[in-house]
Structure formats: C-alpha cells, structure tokens
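Chains as they are written, first to last, in the working numbering: chain F, 1 to 231; chain R, 232 to 462. Think of the CB as a built atom: it goes at the ideal place given N, C-alpha and C, for glycine as much as any other residue. What you are looking at is a predicted structure, and each value in this text was computed from that prediction instead of being measured. Notes follow once the structure below has been shown.
There are 2 protein chains.
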Amino acid sequence: MSRNVEGNLSGNGSGNGNGDGIYRSRASDPSVRRLSDYHRILEDLERSGAEVVSSARLAALAGTNPAQIRKDLSYFGSFGKRGSGYRVAELRAKILAILGLDRRWKVALAGVGNLGQALLAHKEFSRYGFDIVAIFDVDPEKIGHRIAGVEVSPLEDCARVVTLRGVELCVVATPVAAAQVVVEKLSEAGVRGFLNFAPRQVETRGKVELRNVNLTIELEGLTFALHKAGR
Amino acid sequence: MSRNVEGNLSGNGSGNGNGDGIYRSRASDPSVRRLSDYHRILEDLERSGAEVVSSARLAALAGTNPAQIRKDLSYFGSFGKRGSGYRVAELRAKILAILGLDRRWKVALAGVGNLGQALLAHKEFSRYGFDIVAIFDVDPEKIGHRIAGVEVSPLEDCARVVTLRGVELCVVATPVAAAQVVVEKLSEAGVRGFLNFAPRQVETRGKVELRNVNLTIELEGLTFALHKAGR
DNA sequence: CGCTGTGAATGTATTCACAGCG
DNA sequence: CGCTGTGAATACATTCACAGCG
C-alpha cells in the first residue's frame, strides 16, 4: 500500500506508478506544470496570429526566463529552429501531445456538493478534453437525478458504471470521510487517476496516480506571507 | 511592475513582497504548505484524544518522513521534548500562529460564477478563519443581490467597499479577461493578498502576495503521467 | 548573426546521521 | 534510552554560458 510520499498538499503526489514510460525524460513535476502554462500562452499567441515565438518572448509571457523554457522543452525533444525560434502552432501541438491532451478523457465526478457542482459546470474541463461521463454520490436524494445531463449513480454501482462508460479519471469532491472509500472502490474498478479535493491524505494501491488540491492551503499560504511580513 | 517570476501555475507565485518579516526563517514554500497539512492532522489527533505525538508518527500520517517534519518545525523554533515528542494541542496552536491563522481574515470574492458560488459556500474557509465580507461583480443582473448574506457590489465601488469593510484578501474567480483589472483595482484599494483562479498570469505592483490555482493543470498532471506510462 | 539546445555551475529542498537533552 | 534539533551530505531544480546549427 503506497502512501504517496513525495509531493503533497495542495499540488502533488504523483503516485509512483511509473510503468516504463514512452519518454526517457527526466522532466521534473514543476517542469511539466509549466508546460501546461506554455500551452495556454501558445493558444493566445496562435489566436493573435503569431507564427513564431522565441524562448525569450515566451518567457516574458509566462513570467519565467528563457533558459527555463528551453530546458523544459528539451526534456521532450527539440522543437525550435536556431536563429528564429519556435513555430507557434507546431509547438502548441507538440505540448498538447506531451501532456496527453491530444485525445479526450472520460472522467467521473464523486460527490455532488457545492464544489462538485461547480466543477461539473467548469467549462475549462471540457475545453481541454475532459468529459464528465459519470457522477457518484451516496445521498438518496441525489441518486437518479440528472445533473448537466449525467445521471447520478449510487457509489455501490461504481464497478458496473466505470466499466460500462469507460471511466479513466475521477475528481473526488466528497466530504473528507468518504474520500478514502471512493478512491478504493474506483481504483478497484479500474480508474487510474484521481484528483482529490478532500483535505486528507488518501492511500492508494497499485499503479494509481493521485494528486491533491486543497483550496484552504492556498489561502493559508497568503496569510503566512502577510502575517510573517507583519501585515 | 513585478510579474511574479518564481513559482507559477497551479500552486504558486509568492510575490516578492518580503518586507522584513518577523521570522528570520528560511522556510521554503513547500515547507510552509506542509505545515498546513500537519495542522489538519494534529486537529484529528487532538479530537481522538492523543496527548503527544512523535515526528515518526506524524510523518506516517502525513505521508512524509520524520526528518522532514523536524526540519520544517525547526525553521520556527523548537516545540518538542527530547525523548517523548510533541504535545499535540500545543504544537497545533503553534502552527496555527505561524500560519497567521490565530485571527480571522476579511476576504472579498470577485466574480460570482459557478466557481465563485461554490467557494462562497465552502465551509472550510470559514472554519479556518476566512470571512467573506464583500462580493464584487460587473454583471448588472447580480449587483445588489445578496448571496450567502453578502450584497454583490459593482467593481467600480471596490475602493469604497474595501476600506469600509476592511478587506484584506481577495479570491479572484472571474473570467480570464477580468482578472488583471480586478487585481489592479483591489490592490490599489489596499488588498494585500490574492488567490487567483483565472488561468492567466496576472501582474502585480508593490508588496502584494499572489498565488494561482489552476484546476485544469492538476488534471493535466494526471493525463501526462498516465499517457507517459502508456495507459 | 540570432537563436536553440545542453553540459556545467549554482541555488534549493530533502534526507542522513548523530550530538545532546529530558 | 528515545526522541528532538540540526549541521553535513545528497538529491533535485534552475540558471548560466557557450558551442553549434539555420
């Protein structure tokens, strides 16, 4: 039973499921996160008609430095042309593929509280290739209802529903007490990746990716900094 | 004009407003994030009646190692007893104070879309000392209405409202296009810390703390890992 | 020339290992 | 003895600086 030791808290904990991957890349986790950022900036550039971009320009837009950009990209190949820079559309497509976003992903939502409902309606998810194809809850009031066109299923049926609809990822927006059970049941049913919003460590078995997002911790980071500075 | 260069993406960007603080501490940002986690675990332990806890036990619960715990704490003082460990209640209180959570904070919410509404209802915020005392939006349909007991004010009035209600922090849950303006106006009005959910880099002026949370990036971290492992 | 791509250098964070106090 | 607190060692991430290609 792995307890995802490394990353933690609000932003991490890539499970150690590192089954011999496609890439030899020693890309760090922060580096991969920046790729997502570069991708968004490249979308903007593409929309604005830019054809090429240098690492210097990209760095300015991303709030980092040119060497960082080049290093991040170099983990995955060499996409630029010396002397001129990177072709915007091409680089964007490459990053999309690196991130695994060149296809759509089937996602379940567990827990339909405030946060769950907001995430359901979150347009960015569908825009970047995530389709919510199943919703789980334990509340009898909610089960059977349709939210955003998806029927709420009882957690007990998850094995069946996951298989039937091909669920690959799950967003866990349940109360703290339920998060562990949800992850256990769904990973047994074959779900390989979890995004957990419940503010507790969740244990995983086998090759499962889990990352935690904790909204309160982010605010606490602010109060620490302000309090520390004596404000 | 600082562009908060360092951290970025989903979990960072502590503005460089490091006005000579109270602590000499070289506590790293990840270290501070872990403190928040330890605090939650200590709450659980306290509730379950534990009087003392060792760094080993705490590490097991937090999914890290004992040395990490001791090092994280040592940045702020020495709170344990050699031979026995840490007194749970006492350590919890110390961490609370370190994080600046030994008082309540006045928070504004900007943008009352899905996400904004979910954050408003998010019980954890109030539980950890954050009171939403103002809401800003630009939509005439929303202005004037009360949500969760707080009237929605037009963004133009923010200077007046911020002063009047003593707003210290702001959660930015607006569309991308509005985030920059919101941060500019509110920081001019005296708000010192921002938690930004809009997936774009926002520039800040002066001693302002800003961190970004990007929900999509977290999912992209999962797809990267799974795609990479060939799944 | 101007830019990328990358080893080498620096800077940060984590872990080790042990001295020292309760 | 058992544990904390912490310098020293290691591992990791970022930045420098320059060789080399278009």
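In three-state DSSP terms, what is residue i?
i	result
R/Ala-290	helix
R/Asn-296	coil
R/Lys-354	helix
F/Leu-164	helix
F/Thr-174	coil
R/Ser-285	coil
R/Glu-321	helix
F/Ser-29	Ser is not the amino acid found at residue 29 of chain F; the sequence shown has Asp there. Helix, per DSSP.
R/Glu-449	helix
R/Arg-423	coil
F/Asp-102	coil
R/Asp-303	helix
R/Asp-388	helix
R/Asp-368	strand
F/Gly-49	coil
F/Gly-230	coil
R/Val-412	helix
R/Gly-347	helix
Tell me which same chain residues have a C-beta within less than 7 Å of the C-beta of residue i, skipping the five on either side of it?
i	result
R/Ala-404	Leu-340, Ala-341, Gly-342, Gly-344, Leu-346, Gly-347, Leu-350, Phe-428
R/Cys-389	Phe-367, Lys-416, Leu-417, Ala-420
R/Asp-268	Ala-293
R/Leu-395	none
R/Tyr-277	Here residue 277 of chain R is Glu; the residue named in the question, Tyr, does not match the sequence. So the list reads Val-319, Ala-320, Arg-323, once near-sequence residues are dropped.
F/Ile-98	Leu-35, Phe-76
R/Arg-301	Ser-286
R/Leu-327	His-270, Asp-333
How should residue i be labelled, buried or exposed, when 16 other C-beta atoms within 10 angstroms of its C-beta is the threshold for buried?
i	result
F/Arg-123	Arg is not the amino acid found at residue 123 of chain F; the sequence shown has Lys there. Label assigned to F/Lys-123: exposed.
R/Arg-264	buried
F/Asp-44	exposed
R/Ala-258	buried
F/Arg-192	buried
R/His-376	exposed
F/Ser-14	With a pLDDT of 35 at F/Ser-14, under the threshold of 50, the predicted position of this residue should be treated as unreliable, and no value is reported.
F/Gly-80	buried
R/Ser-384	buried
F/Ala-179	buried
R/Arg-334	exposed
F/Asp-72	buried
F/Gly-230	exposed
R/Gly-360	buried
R/Ala-456	buried
R/Arg-313	exposed
F/Gly-166	exposed
F/Gly-100	buried
What residues are listed by DSSP as bridge partners for residue i?
i	result
F/Glu-151	F/Arg-146
R/Val-338	R/Ile-363, R/Leu-400
R/Arg-442	R/Leu-426
F/Gly-85	F/Lys-81
CB-CB under 6 Å to residue i, same chain, minus the five flanking residues each way: which ones, in chain order?
i	result
R/Pro-297	Ser-286, Ala-287, Ala-290
F/Ile-22	Any reading at F/Ile-22 needs caution, since the residue's pLDDT is 46, under 50, leaving its predicted position unreliable; the model's value is listed next. Correct list: empty, nothing qualifies.
R/Pro-430	Asn-445
R/Lys-373	Val-343, Val-383
R/Val-392	Ala-365, Ser-384
F/Leu-155	Phe-136, Val-138
R/Ser-262	Asp-303
R/Val-218	Because chain R in this structure spans residues 232 to 462, residue 218 of chain R falls outside the shown range and cannot be described.
For residue i, which residues from the same chain have a beta carbon less than 8 Å from its beta carbon, with the 5 sequence-adjacent residues on both sides left out?
i	result
F/Gln-68	Arg-34, Ala-59
R/Gly-316	Val-283, Val-284, Ser-285, Ser-286, Arg-288
F/Ile-41	Leu-58, Leu-61, Ala-62
F/Ala-121	Ala-148
F/Glu-238	Only positions 1 to 231 of chain F appear in the structure, and residue 238 of chain F is not among them; the question remains open.
Cβ of residue i within 7 Å of any heavy atom in the ligand FMN?
i	result
R/Glu-321	Judged by which ligands are present, the structure shown has none, so any question about the ligand FMN falls away.
Practice item. Indicate whether the contact test is met: 3 or more Cβ pairs, each with one atom in the region 373–391 of chain R and one in the region 292–308 of chain R, closer than 8 Å. Key: no
Check your understanding: Are the region 204–211 of chain F and the region 446–456 of chain R touching by the rule of at least three beta carbon pairs closer than 8 Å?
Key -> yes
Point to revise | Three or more C-beta pairs below 8 Å linking the region 356–371 of chain R and the region 428–438 of chain R | key: no
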